[in-house]
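The structure under discussion appears below in the form of structure tokens.
Residue numbers (the working numbering): 44 to 183.
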């Protein structure tokens with residue numbers, strides 16, 4: 044398993060952000076680099092993973108730091124998939140916001156995504172018990 048270290052830091056260069064987001068094909072972000080940089084800088088919390096100084100993962104969250112935490116991005120460079128980086132990034136966010144009542148995230152409808160988040164204790168809205176949840180989104 045590759046070695047990496049985590050850091051709670053927004054100190055990420057534009058070129059590092061673009062390279063990481065490009066590596067996973069998130070072009071909605073990389074098509075607007077200024078927006079991506081501002082979004083990361085304005086996030087409530089950012090945790091990064093580095094290996095030999097290179098950015099290999101990032102997670103960011105938005106929160107009122109009282110009742111809700113929205114996990115915005117968790118991404119890991121493909122060369123570090125299945126290495127524990129994603130799990131540790133999510134743990135960093137969850138530890139930081141352990142005191143909030145509600146943690147929310149949206150992700151692609153891909154079986155691997157569902158399996159990963161369910162393995163971390165998340166429940167898909169439609170599977171919530173005793174009452175199901177509805178999730179509404181509006182993208183512009």
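All C-beta atoms, glycine included, are put in the ideal place defined by N, C-alpha and C.
In terms of Cα proximity to residue 119, the closest of 65, 182 and 178 is 65.
Segment contact: the region 46 to 56 against the region 79 to 96, three or more CB-CB distances shorter than 8 Å; contact assigned. Residue burial annotation: residue 70 is exposed, with fewer than 16 other C-beta atoms found within 10 angstroms of its C-beta. Distances from the CA of residue 174 to each of 146, 117 and 166 were compared; the closest alpha carbon is that of 166.
Taking the C-beta atoms as reference points, residue 92 is found nearer than 7 Å to residue 128. Taking the CA atoms as reference points, residue 164 sits about 23 Å from residue 121. In terms of Cα proximity to residue 115, the closest of 67, 158 and 148 is 148.
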